[in-house]
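**Student:**
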């Protein structure tokens, strides 16, 4: 799934993305670390993986759009 980086705090390595429908979705340091990134700038296009639905939906992986997601189905 694709999204756009919205916020990012380099001290906590947490932030949020905007889904293509404009819905903000937060991510924590574990999701950031899973993607192998060192920095994220607001406005960057990212590839994300989520778990759950509704209020329980959360980002579990975030990386740049051009990077592979080794945990994606069929990868």
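Numbering (the numbering used here), first residue to last: 930 to 1004.
Where is the CB? At the ideal position from N, CA and C, for every residue including glycine.
Keep in mind that this is a model prediction, so the values were computed, not measured.
#1: Quick test of your reading: residue 974 and residue 961, contact by CB under 8 Å. State the CB separation rounded to the nearest angstrom.
#2: Following the continuous beta strand (DSSP E) through residue 938, name the residue where it begins and the one where it ends.
#3: Short of 7 Å in beta carbon distance, which residues of its chain neighbour residue 981, apart from the five on each side in sequence? Order them along the chain.
#4: Contact defined as beta carbons within less than 8 Å: I believe residue 947 pairs with residue 935. What is the distance between those atoms, to the nearest angstrom?
#5: Excluding the 5 residues flanking residue 969 on each side, which residues of the same chain have their C-beta closer than 8 Å to its C-beta?
#6: Please work out which residues of its chain come closer than 6 Å, Cβ to Cβ, to residue 998, disregarding the five sequence neighbours upstream and downstream, and give them in chain order.
#7: Have a look at 983, 930 and 989 and flag the residue whose alpha-carbon is nearest the alpha-carbon of residue 949.
**Tutor:** So, from the listed chains and residues:
#1: Not a contact, Cβ separation roughly 16 Å.
#2: 931-938
#3: 987
#4: 5 Å
#5: 934, 937, 944, 961, 975 and 991
#6: 976
#7: When each option's Cα is compared against that of residue 949, the closest is 930.
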